[in-house]
Structures are given as structure tokens and as C-alpha cells.
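For the sequence shown, our numbering assigns the number 178 to the initial residue and increments by one for each residue that follows. Quick reminder that beta carbons are idealized off the backbone N, C-alpha and C, glycines included.
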Amino acid sequence: MKKTLLLAFTLIAAATISRAQLKPVAYQDGNQKLNGFAIQPQNSTQKKAGILVLPAWMGIDAHAKETAENLSKLGYYAFVADIYGEGNYPKNTGDAGKMAGMY
178 MKKTLLLAFT LIAAATISRA QLKPVAYQDG NQKLNGFAIQ PQNSTQKKAG ILVLPAWMGI
238 DAHAKETAEN LSKLGYYAFV ADIYGEGNYP KNTGDAGKMA GMY
């Protein structure tokens, strides 16, 4: 039983360690602080391009992060961009509509 548990724990730990993870990236555009996420390709032997993930109008959400993780599984570098900047995130869809309309 101990050997089985040890083997299971080792396999779970190895799978967790080998899995690429999103890493927060702080950057700036002029004076505006932005907070995106980057992820490296998983298990890719070929060089592939990086892909910029632009989130929906409410900003970075679970879907944007999941998209980056899926691209990583396909062997791509991915970066989820912060489209609003620190302190400028919409509080509701009405705010998001106004802010997105500026672009």
C-alpha cells in the first residue's frame, strides 16, 4: 500500500511539475502599469510563433487564461494582454462598453 501511494504521489508531482504555468508579467505603456500573463510551450520540439491573446471587454478572465494554456499545449508561446491597465478595469458591462468604444 505504501509503495502504491508513493508511486501515485510521484506521478502526480511529475505531471504537475512538467505542466507549463501562466506567469504574471508586469509591464508599462508610458506611465500606465499593465498586468498580463505569459506561458511557454509545453513539450514542443519545433520553434513556433508567439500568440497574443486579447481578452474580452471585461478584461483578463478565466477564458483568456484557458486559451493561453491551450495554445501552450499546442506548442505556442502565448501572452494575455492587459487591455485596460492597472486601476482602469471596468466594474460592469456598461463601463466596459464605454471603455471599449474608445478604441
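Please classify Ala258: does DSSP put it in a helix, a strand, or coil?
Note: Ala258 maps to coil in three-state DSSP.
Separation of Lys275 from Thr244, as counted between CA atoms:
Thr244 and Lys275 have their C-alpha atoms spaced approximately 25 Å apart.
Sufficient close CB pairs (3 or more, under 8 Å) joining the stretch 223-238 to the stretch 253-266
yes
Are the CB atoms of Ile228 and Tyr204 within a distance shorter than 8 Å?
no
Restricting to Cα atoms, I'd like to know which of Leu248, Lys210, Asp272, Leu211 is closest to Ala226.
Of the candidates Leu248, Lys210, Asp272, Leu211, the one whose C-alpha sits nearest the C-alpha of Ala226 is Leu248.
Looking at the strands, I want to know which residues DSSP matches up with Tyr204.
Paired residues: Leu211.
So, are the CB atoms of Gly262 and Leu211 less than 8 Å apart?
yes
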